[in-house]
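Notes to accompany the following structure.
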Amino acid sequence: MGGCKNMTLESVYKKGRELLSEAGIPDSDFDSLYLLEHFFGADRTALILHGEREADEGICERFFSAVEERKTGKPLQYIVGKWNFMGYDFLVGEGVLIPRDDTEIVVETAIGYLKNIKNPKVIDLCSGSGAIAVSIAKMFPDSEVTALEYSDTAVGYLEKNIKLNGAENVRVFRGDVTRCSESFEDESFDLVISNPPYIQSDEIDTLQVELQFEPRMALDGGDDGLYFYRIITEKWAAKVKKGGMLAYEVGEEQFEPVAGMVEAQGFCDVKYSLDLQGFKRTVSGVRTEE
Ligand SMILES: C[S@@+](CC[C@H](N)C(=O)[O-])C[C@H]1O[C@@H](n2cnc3c(N)ncnc32)[C@H](O)[C@@H]1O
Numbered sequence: 005m006g007g008c009k010n011m012t013l014e015s016v017y018k019k020g021r022e023l024l025s026e027a028g029i030p031d032s033d034f035d036s037l038y039l040l041e042h043f044f045g046a047d048r049t050a051l052i053l054h055g056e057r058e059a060d061e062g063i064c065e066r067f068f069s070a071v072e073e074r075k076t077g078k079p080l081q082y083i084v085g086k087w088n089f090m091g092y093d094f095l096v097g098e099g100v101l102i103p104r105d106d107t108e109i110v111v112e113t114a115i116g117y118l119k120n121i122k123n124p125k126v127i128d129l130c131s132g133s134g135a136i137a138v139s140i141a142k143m144f145p146d147s148e149v150t151a152l153e154y155s156d157t158a159v160g161y162l163e164k165n166i167k168l169n170g171a172e173n174v175r176v177f178r179g180d181v182t183r184c185s186e187s188f189e190d191e192s193f194d195l196v197i198s199n200p201p202y203i204q205s206d207e208i209d210t211l212q213v214e215l216q217f218e219p220r221m222a223l224d225g226g227d228d229g230l231y232f233y234r235i236i237t238e239k240w241a242a243k244v245k246k247g248g249m250l251a252y253e254v255g256e257e258q259f260e261p262v263a264g265m266v267e268a269q270g271f272c273d274v275k276y277s278l279d280l281q282g283f284k285r286t287v288s289g290v291r292t293e294e
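Position 48 of the sequence shown, counted from 1, bears residue number 52 in my numbering, the numbering being contiguous throughout.
In structure tokens, the structure reads:
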């Protein structure tokens with residue numbers, strides 16, 4: 005622990021940074037500052053202006069116990085319990101995937117398409133925290149969004165995030181995406197969107213420590229990482245309206261095979277968007293046939 009008696013805000017921040025850095029946490033500066041802001045409400049400007057102020061002892065203890073948790077590799081997002089995505093707050097914790105910046109790219113693809121459609125019907129498959137579904141529902145208040153998810157824990161977060169953001173136009177459907185398209189027999193959608201699990205099963209254990217805290221069910225895309233794209237494209241293509249869009253987030257190197265699946269189901273105008281590292285991060289296609 006930091007020994008919180010008579011510590012200033014600045015010394016709390018510096019000690020936090022030092023402890024994290026010694027433990028091998030790569031972004032120790034960012035993480036210490038983020039925790040400082042979370043616990044003390046002090047951002048970098050406040051630190052510059054009021055860094056010499058004495059830190060409340062009780063809050064300081066909580067700050068350092070969060071630092072201890074972070075030292076184990078537990079993601080910052082699970083420690084603070086929420087994360088921002090597309091400008092909206094999402095509650096997160098163990099058992100639900102942390103929304104990623106990369107996923108904002110597939111939401112941007114959706115925005116470009118939905119802005120020309122009145123009262124769009126959207127389904128977000130493998131919805132997790134609801135990051136995609138809730139953001140779309142908030143940006144398009146006239147939309148009707150279905151968020152489909154299988155994990156009970158994730159559904160719990162999904163429901164809380166709908167409430168937190170007042171996204172009344174989202175309905176939750178708990179079901180297995182590989183089996184339940186038949187439950188939507190009489191329905192079709194302007195947009196079917198998904199960020200499914202897409203990591204190859206045998207790669208998961210080799211990934212950075214933070215990912216080991218996230219649910220395997222949210223990551224595991226089968227032997228070649230493409231299991232969910234194959235099944236979703238096959239089973240849900242018919243649920244896309246004529247002129248409607250199917251949009252996926254994909255992993256690095258997955259654009260080509262997934263684009264091939266989408267084209268094989270009769271979608272045209274199959275495109276990608278690049279992420280900040282230059283990887284093809286999305287696949288989207290438009291349905292031309294009924
Ligand atoms: C990569 S995460 C994406 C979560 C969220 N859409 C996002 O972008 O942050 C994949 C999600 O798929 C869910 N999932 C895994 N298998 C599923 C299945 N068979 N049916 C429905 N959801 C499933 C996981 O629980 C997880 O929430």
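Heads up, the beta-carbon is just placed ideally off N, CA and C, and yes, glycines get one too.
Residues bridged to residue i [DSSP beta-bridge criterion]
i           : result
residue 19  : Answer by DSSP bridge pairing: none, since residue 19 is not bridged.
residue 100 : None, per the DSSP bridge assignment.
residue 151 : 128, 176
residue 247 : Bridge partners of residue 247: none, in fact.
residue 305 : Residue 305 cannot be examined here, being either before or after the span of the chain that is shown, 5 to 294.
residue 58  : 12
residue 253 : 286
residue 32  : DSSP lists no partner for residue 32.
residue 198 : 129, 252
residue 231 : None; residue 231 has no bridge partner.
residue 93  : 88
residue 184 : Answer by DSSP bridge pairing: none, since residue 184 is not bridged.
residue 272 : 290
Contact check, residue i vs residue j, beta carbons under 7 Å
i           : j           : result
residue 126 : residue 149 : yes
residue 135 : residue 89  : yes
residue 99  : residue 213 : no
residue 138 : residue 114 : no
residue 279 : residue 106 : yes
residue 277 : residue 109 : yes
residue 188 : residue 243 : yes
residue 17  : residue 40  : yes
residue 142 : residue 123 : no
residue 179 : residue 152 : yes
Alpha-carbon to alpha-carbon, residue j and residue i
i           : j           : result
residue 215 : residue 273 : 34 Å
residue 71  : residue 155 : 29 Å
residue 162 : residue 103 : 12 Å
residue 285 : residue 131 : 18 Å
residue 6   : residue 28  : Because residue 6 carries a pLDDT of 47, less than 50, the predicted location of this residue cannot be relied on, and the following value inherits that uncertainty. C-alpha separation (whole angstroms): 18 Å.
residue 290 : residue 250 : 7 Å
residue 3   : residue 238 : The question about residue 3 has no answer, for the chain in this structure spans 5 to 294.
residue 147 : residue 229 : 31 Å
residue 195 : residue 174 : 14 Å
residue 92  : residue 140 : 11 Å
residue 205 : residue 219 : 13 Å
residue 51  : residue 87  : 22 Å
residue 260 : residue 45  : 45 Å
residue 121 : residue 145 : 12 Å
residue 252 : residue 185 : 17 Å
residue 247 : residue 116 : 14 Å
residue 15  : residue 166 : 39 Å
residue 190 : residue 19  : 59 Å
residue 2   : residue 59  : Not covered by the structure: residue 2. The range shown for the chain is 5 to 294.
Beta-carbon proximity list for residue i, same chain, < 7 Å, skipping 5 on both sides
i           : result
residue 80  : 35, 38, 74
residue 164 : 95
residue 48  : 37
residue 9   : 61
residue 266 : 237, 250, 274, 287, 289
residue 208 : 220, 223, 224
Cβ separation of residue i and residue j, assumed to be a contact under 8 Å, to the nearest whole Å
i           : j           : result
residue 96  : residue 69  : Their Cβ separation, rounded to whole angstroms, is 19 Å, which puts residue 96 and residue 69 out of contact at 8 Å.
residue 200 : residue 160 : 20 Å between Cβ atoms; not a contact.
residue 236 : residue 129 : 6 Å
residue 364 : residue 283 : Past the edges of the chain, shown from 5 to 294, lies residue 364, and the structure says nothing about it.
residue 202 : residue 258 : 6 Å
Other residues of its chain near residue i: CB distance less than 6 Å, five sequence neighbours each side excluded
i           : result
residue 254 : 262, 287
residue 32  : 21, 24, 25
residue 42  : 84
residue 56  : 12
residue 66  : 43
residue 245 : 192, 194
residue 182 : 235
residue 268 : none
Cut-off 8 Å between Cβ atoms - residues of its own chain near residue i, not counting five sequence neighbours on either side
i           : result
residue 270 : 241, 291, 292, 293
residue 101 : 132, 133, 158, 218, 219, 222, 223
residue 82  : 96, 97, 98, 102, 217
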